[in-house]
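Numbering (the working numbering), first residue to last: 2 to 404. For every residue, glycine included, the Cβ atom is placed at its ideal position computed from N, Cα and C.
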């Protein structure tokens, strides 16, 4: 006679995050509370562009990592950031890699080894007859991100790198969720990393006509701004240590309040545009409905939404329209971190999820972050959106549970 399976949750055991907000929990919380922005001016092809690099302290942590292992200095910056964030997540989770529990890794990037690829290609153009270093090919593949993380933290489970443009990190959550719920894994590292502050990548963003005209000191990224495009590029990484646990395991671990992954919804819409954006935001609508359906929740149960909203008129308007179709006139509060760190492409969904967890833990950020509405009740369920080129979108639901 079969018995009902004991209820299990996908628990966030640890988070690692490095960006313009900082490289430690204390610094990141202080940045959110104060509303401090990370923007600086970067000379690019005769103009000064606002960008959001790592904070000074996060950059110092990265330099210490490279000094620790000379091989790491040969890796792309996106890979280095992923390693740094993954170490933090594993340490916070308290996972001992010598345990017999394999850890899977799924960390993606929209652009991958951007800086290193541009560097090697520039050298090739200058002297195409010269033989390339044999390290060029393996060091510029997208697979570097997850494989080097697995190597560094000594993970022994499945290892996945992927790119789904700016939805990459949330789709890593979806993959981790599937592995954990299927019973094929017990623990998974998921997230995204991006280091796109390179000449060619900046030129690409400028060519689309979305880059902000505002100076670095003048709040250059302004989500939901209807007057002009205010897209600003940033860099960073965020990684989550997920573990499937039942109540007894959580009690044994001494957990009294946990953040859990309820669902990840997916949406895709065909579009004549190369960027995959339509005014109705059908991909957003599909993703949000899918997430709510999976979690068996209604729109009214969402306490806040962490927006994708990268500061582009078309994209922001499409997301806002999609939210109105799902939530009607009773919209929850809107939050974002892009006014502080810009758009980090493939890492942005993970950095948005990091903000969501901190909100669930009690963070009440400065005026920059909650750009519409107020928190009408204690937060327990949040929706996080992400969308990318090609017409894809993903929506993640995180909840707080008291044990």
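So, residue i versus residue j, is the Cβ gap smaller than 7 Å?
i, j, result
"residue 263", "residue 385", "no"
"residue 245", "residue 178", "no"
"residue 241", "residue 307", "no"
"residue 63", "residue 81", "yes"
"residue 105", "residue 164", "no"
"residue 282", "residue 319", "yes"
"residue 157", "residue 103", "yes"
"residue 206", "residue 234", "yes"
"residue 107", "residue 176", "yes"
"residue 232", "residue 312", "yes"
"residue 390", "residue 221", "no"
"residue 197", "residue 112", "yes"
"residue 85", "residue 67", "no"
Measure the C-alpha to C-alpha separation of residue i and residue j and round it to an integer number of angstroms.
i, j, result
"residue 214", "residue 238", "26 Å"
"residue 173", "residue 153", "19 Å"
"residue 18", "residue 149", "17 Å"
"residue 393", "residue 166", "9 Å"
"residue 4", "residue 75", "Caution is warranted here: a pLDDT of 46 is assigned to residue 4, below 50, making its placement in the model unreliable, and the coordinate value is therefore given only provisionally. Spanning the two alpha carbons is a distance of roughly 53 Å."
"residue 254", "residue 403", "14 Å"
"residue 61", "residue 300", "42 Å"
"residue 188", "residue 91", "10 Å"
"residue 56", "residue 356", "17 Å"
"residue 79", "residue 317", "26 Å"
"residue 322", "residue 278", "12 Å"
"residue 28", "residue 363", "16 Å"
"residue 269", "residue 305", "23 Å"
"residue 126", "residue 265", "43 Å"
"residue 387", "residue 338", "13 Å"
"residue 325", "residue 236", "30 Å"
"residue 204", "residue 50", "10 Å"
"residue 327", "residue 290", "7 Å"
"residue 11", "residue 261", "5 Å"
"residue 142", "residue 228", "39 Å"
"residue 123", "residue 135", "16 Å"
"residue 48", "residue 130", "34 Å"
"residue 83", "residue 151", "10 Å"
"residue 202", "residue 297", "40 Å"
"residue 73", "residue 97", "22 Å"
"residue 77", "residue 329", "44 Å"
"residue 259", "residue 381", "11 Å"
"residue 93", "residue 285", "32 Å"
"residue 251", "residue 183", "20 Å"
"residue 16", "residue 59", "15 Å"
"residue 114", "residue 121", "11 Å"
"residue 7", "residue 353", "31 Å"
"residue 186", "residue 243", "10 Å"
"residue 69", "residue 25", "19 Å"
Given that a residue counts as buried once 16 or more other Cβ atoms are within 10 Å of its Cβ, and exposed if not, what is residue i?
i, result
"residue 14", "buried"
"residue 1", "No answer is possible for residue 1: the residues shown for the chain start at 2 and end at 404."
"residue 2", "Note that residue 2 scores 38 on pLDDT, short of 50, meaning its location in the model is unreliable; the coordinates nonetheless yield the value given after this. Under this definition residue 2 is an exposed residue."
"residue 32", "buried"
"residue 271", "exposed"
"residue 44", "exposed"
"residue 160", "buried"
"residue 365", "exposed"
"residue 249", "exposed"
"residue 53", "buried"
"residue 95", "exposed"
"residue 401", "buried"
"residue 209", "exposed"
"residue 193", "buried"
"residue 139", "exposed"
"residue 34", "exposed"
"residue 38", "buried"
"residue 133", "exposed"
"residue 280", "exposed"
"residue 71", "exposed"
"residue 87", "buried"
So, under 8 Å CB-CB, residue i and residue j are touching, yes? Tell me the CB distance rounded to an integer number of Å.
i, j, result
"residue 116", "residue 199", "5 Å"
"residue 375", "residue 334", "6 Å"
"residue 230", "residue 211", "4 Å"
"residue 162", "residue 146", "5 Å"
"residue 395", "residue 288", "5 Å"
"residue 348", "residue 119", "Actually they are not in contact, since the Cβ atoms of residue 348 and residue 119 sit about 18 Å apart, beyond 8 Å."
"residue 360", "residue 383", "6 Å"
"residue 247", "residue 101", "Not confirmed; about 19 Å, so no contact."
"residue 350", "residue 171", "4 Å"
Could you tell me whether any Cβ in chain D is nearer than 7 Å to the Cβ of residue i?
i, result
"residue 54", "Included in the structure is just one protein chain, with no chain D present."
Is there at least one non-hydrogen atom of the ligand HEM closer than 6 Å to the beta-carbon of residue i?
i, result
"residue 211", "As for the ligand HEM, it is missing from this structure, which has no ligand bound."
### Message
Quick test of the definition: if touching needs 3 or more C-beta pairs under 8 Å, does the region 20-37 touch the region 336-348?
### Response
Contact between the region 20-37 and the region 336-348 is present, because at least three Cβ pairs lie under 8 Å.
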